[in-house]
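Those protein sequence lines, which keep their order, are chains A and B.
The numbering of the first sequence is my numbering, which starts it at 19 and goes up by one.
The numbering of the second sequence is my numbering, which starts it at 4 and goes up by one.
Glycine included, each C-beta is placed from N, C-alpha and C at the ideal position.
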Amino acid sequence: MTERILTELVESFWKLFMVGLKVTIPLTLAAFSTGLLIAFLVALVQIAKVPVMRRLVRVYIWIIRCTPMIVQLFVVYFGLPTIGIKFSSFVSAWLVMSLSIGAYCSETVRAAIESVPVGQLEACYCDGLTFWQAMIHVIVPQALRTAFPPLSNSIIGLVKDTSLAYSVALVEILATAQRIAARTYDYFWLYLEAGLIYLIFCSVLTVLQRKAEAALERRR
Amino acid sequence: MLRLQNVYKKFGDNVVLNNVSLDVNQGDVVAILGPSGSGKTTLLRCAGYLTKADSGTLILDDRQYDMKKISSRDLREYRQKVGFVFQNFNLYGNKTALGNVTLGLRVSQKMPKAQAEEIGKSLLERVGLADRMDYYPSKLSGGQQQRVAIARALATNPEVVFFDEPTSALDPELTGEVLNVIKQLADEGWTMLVVTHEMEFAKKVATRVVFMEDGEIVEENNAKEFFENPQKERTKEFIFKSTTWASTAKKDDSGDNSTKQETIES
Numbered sequence: 019m020t021e022r023i024l025t026e027l028v029e030s031f032w033k034l035f036m037v038g039l040k041v042t043i044p045l046t047l048a049a050f051s052t053g054l055l056i057a058f059l060v061a062l063v064q065i066a067k068v069p070v071m072r073r074l075v076r077v078y079i080w081i082i083r084c085t086p087m088i089v090q091l092f093v094v095y096f097g098l099p100t101i102g103i104k105f106s107s108f109v110s111a112w113l114v115m116s117l118s119i120g121a122y123c124s125e126t127v128r129a130a131i132e133s134v135p136v137g138q139l140e141a142c143y144c145d146g147l148t149f150w151q152a153m154i155h156v157i158v159p160q161a162l163r164t165a166f167p168p169l170s171n172s173i174i175g176l177v178k179d180t181s182l183a184y185s186v187a188l189v190e191i192l193a194t195a196q197r198i199a200a201r202t203y204d205y206f207w208l209y210l211e212a213g214l215i216y217l218i219f220c221s222v223l224t225v226l227q228r229k230a231e232a233a234l235e236r237r238r
Numbered sequence: 004m005l006r007l008q009n010v011y012k013k014f015g016d017n018v019v020l021n022n023v024s025l026d027v028n029q030g031d032v033v034a035i036l037g038p039s040g041s042g043k044t045t046l047l048r049c050a051g052y053l054t055k056a057d058s059g060t061l062i063l064d065d066r067q068y069d070m071k072k073i074s075s076r077d078l079r080e081y082r083q084k085v086g087f088v089f090q091n092f093n094l095y096g097n098k099t100a101l102g103n104v105t106l107g108l109r110v111s112q113k114m115p116k117a118q119a120e121e122i123g124k125s126l127l128e129r130v131g132l133a134d135r136m137d138y139y140p141s142k143l144s145g146g147q148q149q150r151v152a153i154a155r156a157l158a159t160n161p162e163v164v165f166f167d168e169p170t171s172a173l174d175p176e177l178t179g180e181v182l183n184v185i186k187q188l189a190d191e192g193w194t195m196l197v198v199t200h201e202m203e204f205a206k207k208v209a210t211r212v213v214f215m216e217d218g219e220i221v222e223e224n225n226a227k228e229f230f231e232n233p234q235k236e237r238t239k240e241f242i243f244k245s246t247t248w249a250s251t252a253k254k255d256d257s258g259d260n261s262t263k264q265e266t267i268e269s
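In structure tokens, the structure reads:
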């Protein structure tokens, strides 16, 4: 490795890192929080057996899980404009990734809710609570604890999946690395560096997961 | 005060409750005895609206409720007037002992936190758990959990409290502390309906005993008469079998095996 490449890598490291902070992380957080909201609603609609809705959400899960995310991105970003609906790169990615997280995590959340003994729901009823009050105060908080490790998996997966947004012209970590490398032809080193940035972000999340799990464990 | 009329319930083709009627007066402690599968737990769950009966009427304080269909408003009103204690405690795993007792008051009755906690604390003191208020259920013994559950059932100051085999899931060592609390409630004049397998408890605490089998009430009497002077053959057999095992086991110690076997087969 020459001195030139080394200087270049140090400079590009901060560029990539800042893009990560300004694009990848906001996209991850936005898509994950929206996705989680969808996941809970979808899971509860199935558990509460809301007529019609419960069938519709199965169709939603089926379609999202059985088509590639990159195809979904192309449909939204390149396809929808032909019928007059136009989203920016960021919004397209946010939309598709929220729907994806919603579909996958709804199954995690549903299993976690069903793992809370049904007797606690009956006890809530006897305490005069409605189904939704019981969910909010008793069942979901316990389900979250169970769902926490698999949900952590999903958010770490999502950090890496944001790189797919490269294909719909979002200037995120990978796209930035590619642009720098196109000038200098140091593809090998820049793509390695892009990988390193993802590694750093995901490692931070891994540490946070461990700390959060320990904190949850103390409250039971 | 509480009156169940013609409660009928089928699971598939199996009739679990065949037009059962039962009256509970103010201050009564009614023990419901009977073999497994006799429908006693189902009767209690129907009375608590945890299982919908196929037909039947429930009267509490001159208010009449349909046991098959009830409006959510009526159900809310009814549930404030009854408490339910489960076999498996069913405490809320994410709430402390105090949080378990106060949740219904705070969420369902919208009572201010301080007021709800005052009620919760005094109830937990009454069941002997003043020093365990901040414990989560997983840190409590089975007996302590069940006492928290009893305090929770009393929080709304109900007219009737239902107990579904309150000691069946407990270590033998721990049943005493729970039965003592229930006895204390009986002495305070609470009206209670208790499904139980504890014959001694029924004998000592219950004012009335109901014996069920195959979805029907076989015999019903005040506790003293029920045990000392049972009328039906089936009731006699049940009481005999449930209370004589210990004495035949003693005979077994003296080496008299034949007596034991005859007794069990008879």
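Just checking: is the beta-carbon of P135(A) within a distance shorter than 8 Å of some beta-carbon in chain B? yes
Looking at the C-beta of E132(A), does it have a partner C-beta in chain B at a distance below 8 Å? Output row for E132(A): interface = no.
Taking the alpha helix (DSSP H) that E120(B) falls in, what are its first and last residues? 116 to 129
With a threshold of 16 other CB atoms inside 10 Å of the CB of G107(B), please say whether the residue is buried or exposed. buried
Exposed or buried, what is N225(B) when buried is set at 16 or more other beta-carbons lying within 10 Å of its beta-carbon? exposed
With a threshold of 8 Å between beta carbons, is S74(B) in contact with chain A? no
When the Cβ atoms of the segment 182 to 202 of chain B are set against those of the segment 11 to 19 of chain B, are three or more pairs found closer than 8 Å? Cβ pair count under 8 Å is below three, so no.
L20(B) bridges to which residues according to DSSP? K12(B)
With a threshold of 8 Å between beta carbons, is E2(A) in contact with chain B? Because residue 2(A) is not part of the residues shown, which for chain A are 19 to 238, the question remains open.
Within 10 angstroms of the Cβ of Q29(B), are there 16 or more other Cβ atoms? Answer buried if so, exposed if not. exposed
Pairwise C-alpha distance: L45(A) and A193(A): 15 Å
Any C-beta of chain C under 8 Å from that of V110(B): Among the protein chains in the structure shown, which are A and B, there is no chain C.
With 8 Å set as the bound, which would you pick, yes or no: does the beta-carbon of V77(A) sit closer than that to a beta-carbon of chain B? no
N- and C-terminal bounds of the beta strand (DSSP E) containing Q67(B): Counting along the chain, the beta strand (DSSP E) containing Q67(B) begins and ends at 66 to 69.
Cα-Cα separation between V109(A) and R72(A), rounded to whole angstroms: 27 Å
Span of the alpha helix (DSSP H) holding S170(A)? 158 to 179
Quick one: which chain B residues come within Cβ less than 8 Å of Y143(A)? Result: Y52, L53, R82.
Could you check where the alpha helix (DSSP H) with W53(A) kicks off and where it finishes? Here the sequence assigns Gly to residue 53(A), which means Trp is not the residue at that position. Per DSSP, G53(A) belongs to the alpha helix (DSSP H) from 43 to 65.
When the cut-off is 8 Å and only beta carbons count, does G107(B) lie next to chain A? Chain A contact via Cβ: present.
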